[in-house]
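See below for the structure under consideration.
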Amino acid sequence: MEWNKLTTRNIAEDEKEYFNGGIEFIWEGKTPEIDEEVLVYNPSTQSIYTDIWIDYGEGIGFEDTDEDTVFWMSYPEPPKEMEEE
């Protein structure tokens, strides 16, 4: 497991037509799957918590996190049961 860094950047002039002027910034970095609940590290508050990556209809982002730089990590897989001998 590793932390994935996400940052925001303003839309470049040549991208505005592609996005129809509907958004002002985009996320840079690997994003979670839509509706995936993940661990989030917020460097501003130095806290770790859970949040859900959602589609707002006019963009995507975390449901309860409003920061320009965050780190996220998927939940680990559950342990595999060991066979009884």
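If you count the sequence shown from 1, position 74 lands on 75 in our numbering, and the numbers rise without skipping.
Ideal Cβ positions, reconstructed from N, Cα and C, are used throughout, including at glycine.
None of these values were measured; they are calculated from a predicted model.
Test item: CB-CB of residue i and residue j under 8 Å
| i | j | result |
| --- | --- | --- |
| residue 68 | residue 53 | no |
| residue 10 | residue 34 | no |
| residue 37 | residue 51 | no |
| residue 12 | residue 26 | yes |
First through last residue of the beta strand (DSSP E) which encompasses residue i
| i | result |
| --- | --- |
| residue 29 | 26-29 |
| residue 74 | 70-74 |
| residue 66 | No beta strand (DSSP E) contains residue 66, which DSSP labels as neither H nor E. |
| residue 38 | 37-43 |
| residue 57 | From DSSP, residue 57 is part of no beta strand (DSSP E); its letter is neither H nor E. |
| residue 81 | Where residue 81 is concerned, there is no enclosing beta strand (DSSP E), given that its DSSP letter is neither H nor E. |
| residue 9 | 5-11 |
Host alpha helix (DSSP H) of residue i (start-end)
| i | result |
| --- | --- |
| residue 14 | 14-17 |
Close Cβ partners of residue i (< 6 Å) along its chain, the five nearest in sequence each way excluded
| i | result |
| --- | --- |
| residue 55 | 64 |
| residue 31 | 5 |
Chain-order list of residues whose beta-carbon lies under 8 Å from that of residue i (same chain, five-residue window excluded)
| i | result |
| --- | --- |
| residue 77 | 2 |
Beta-carbon contacts of residue i that lie in its chain and below 7 Å, excluding the five residues immediately before and after
| i | result |
| --- | --- |
| residue 79 | none |
Tell me, please, whether the region 39-48 touches the region 68-79 by the rule of three or more beta-carbon pairs shorter than 8 Å. These segments touch.
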